[in-house]
Amino acid sequence: MNTVTKRVEAVGAEAYDMVGKTPGHIKAIRPMQDGVIADFEAAERMISHFVQKALGRRRWAAPRMVVGVPLRITPVERRAVRDSVLRARASEVFLVQQPIAAAIGAGLDVTTPIGCCVVDIGGGTTDIAVISLSGIAAGTSVRAAGDMFTQGIIEHLRRSHGLLVGERTGERIKMALGSARPGTQARSMEIRGRDLSRLSPATLTVTDQDIRAGLSGPLQQLLTAVANVLEKVEPELSADLVENGILLTGGGALLEGLPELLADETNLAVKVAEHPLDCVVNGAGVMLERMDLLQQVSRHDG
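1 is the number of the first residue of the sequence shown in full-length UniProt numbering; add one for each residue after it.
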């Protein structure tokens, strides 16, 4: 956002490409943090932008909207989400818990009494839920997710190598070298940042083993959260999970070695959804076409 003219310069991927490279009068804003709205004005502008882009020439339309929210969202945060979406010209707003939307988007039938476990690893939060009869039988939401993975890498490089890198570089390292356990081949890449001792630009070669050290803390938090949820599950649902296993969705599901690590820790089969990045939005689309299902799983705020 231009701090002088108050004009939005870019949104979404285009804005992300500017992070860490903007001049003084342009500020990069993250409207959503930890799965909830952090900047109300910016969130409304962002939502309006995407609504107008989706509607195209039908700018007069007032669409019905489905919004995925974390499990541990507070009533105040729910109201903030609802109000922001309504101000973006929605006619109705349905708030749906993200792991339920992800399960539907992955093709699971959440309406049956057969339990399924979904671990949805997003950017700000990971939602862990055991789902049965259109509801959450046990679940939690934790910050051990994509953003924390990236920050873990950045902090490790700063502490262990005295090299400061930005968020975009940390994300690129995570995508290239990030893994939850050793692979069959060692990998490395050259990165650039600022040497904190010399206060000058520097180049460093890092390995996948090095990056795993930065990911170990957030991954342990994630594993502990999954274990805590499974401990709360009723025996009959636990039997279902032995048969059906755990489904991973969200961008974090693509972290190399994570399914195998989670399977070892839980003694359950773990699989990644076919299109993990799209599960929540695909589930929202399914619910918009099936009002009966939407009414069952959503909290309708009018």
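We put the CB at the ideal spot given by N, CA and C, even for glycine. Model, not experiment: these values are computed from the prediction.
- Gln97, enclosing beta strand (DSSP E) - first and last residue: One-based indexing of the sequence shown puts residue 97 at position 97. Annotation for Gln97: the continuous beta strand (DSSP E) segment containing it runs Glu92 to Gln97.
- Message: So, with DSSP's three-state summary, where would you put Ser298?
- Response: Here residue 298 corresponds to residue number 298 of the sequence shown, with the count starting at 1. It is coil, neither helix nor strand.
- Out of Glu289, Pro276 and Leu288, state which residue places its alpha-carbon closest to the alpha-carbon of Ala106. As a position in the sequence shown, residue 106 is number 106, starting the count at 1. Per the Cα distances, Pro276.
- Message: Does the contact criterion of 3 or more C-beta pairs under 8 Å hold for the region 78 to 87 versus the region 36 to 49?
- Response: Output reads yes: the region 36 to 49 touches the region 78 to 87.
- Segment limits, alpha helix (DSSP H) that includes Pro218: For the purposes of this step, residue 218 is taken as the residue at position 218 of the sequence shown. Pro218: member of the alpha helix (DSSP H) spanning Asp208 to Glu231, first to last residue.
- Query: Given Ala10, which residues of its chain have a CB within under 7 Å of its CB, disregarding the five upstream and five downstream residues?
  - Reply: Counting from 1 along the sequence shown, the entry for residue 10 is found at position 10. For Ala10, where only same-chain residues beyond five positions count, the Cβ hits under 7 Å are Met18.
- Query: Below 8 Å between beta carbons: does that hold for residue 305 and Cys117?
  - Reply: Not covered by the structure: residue 305. The range shown for the chain is 1 to 302.
- Query: Lys271 lies in the beta strand (DSSP E); which residues open and close that run?
  - Reply: In the sequence shown, residue 271 corresponds to position 271, counting from 1. Counting along the chain, the unbroken beta strand (DSSP E) around Lys271 starts and ends at Val270 to Val272.
- Message: In this structure, how does DSSP classify Gly166 when only helix, strand and coil are distinguished?
- Response: What you label residue 166 is simply residue 166 of the sequence shown in a count that begins at 1. Coil.
- How long is the line joining the alpha carbons of Ile153 and Gly35, rounded to whole angstroms? The residue labelled residue 153 in the question sits at position 153 within the sequence shown. The residue labelled residue 35 in the question sits at position 35 within the sequence shown. Approximately 21 Å, taken between the alpha carbons.
- Item | For Cys279 and Ala102, believed in contact at Cβ under 8 Å, the rounded distance | Looking up residue 102 in the sequence shown gives position 102. Looking up residue 279 in the sequence shown gives position 279. Right, their Cβ atoms sit about 4 Å apart.
- Task: For the region 260 to 270 and the region 124 to 131, state whether three or more C-beta atom pairs, one from each stretch, are separated by less than 8 Å.
- Result: They do not touch, by the three-pair rule.
- What separation, rounded to the nearest whole angstrom, lies between the Cα atoms of Ala61 and Ala54? Looking up residue 61 in the sequence shown gives position 61. Looking up residue 54 in the sequence shown gives position 54. Those two C-alpha atoms are separated by around 11 Å.
- Measure the C-alpha to C-alpha separation of Leu223 and Glu265 and round it to an integer number of angstroms. Looking up residue 223 in the sequence shown gives position 223. Looking up residue 265 in the sequence shown gives position 265. Distance between the alpha carbons of Leu223 and Glu265: 7 Å.
- Item | Cα-Cα separation between Leu255 and Leu248, rounded to whole angstroms | Position 255 of the sequence shown, counted from the start, is the residue given in the question as residue 255. Position 248 of the sequence shown, counted from the start, is the residue given in the question as residue 248. One C-alpha to the other measures close to 11 Å.
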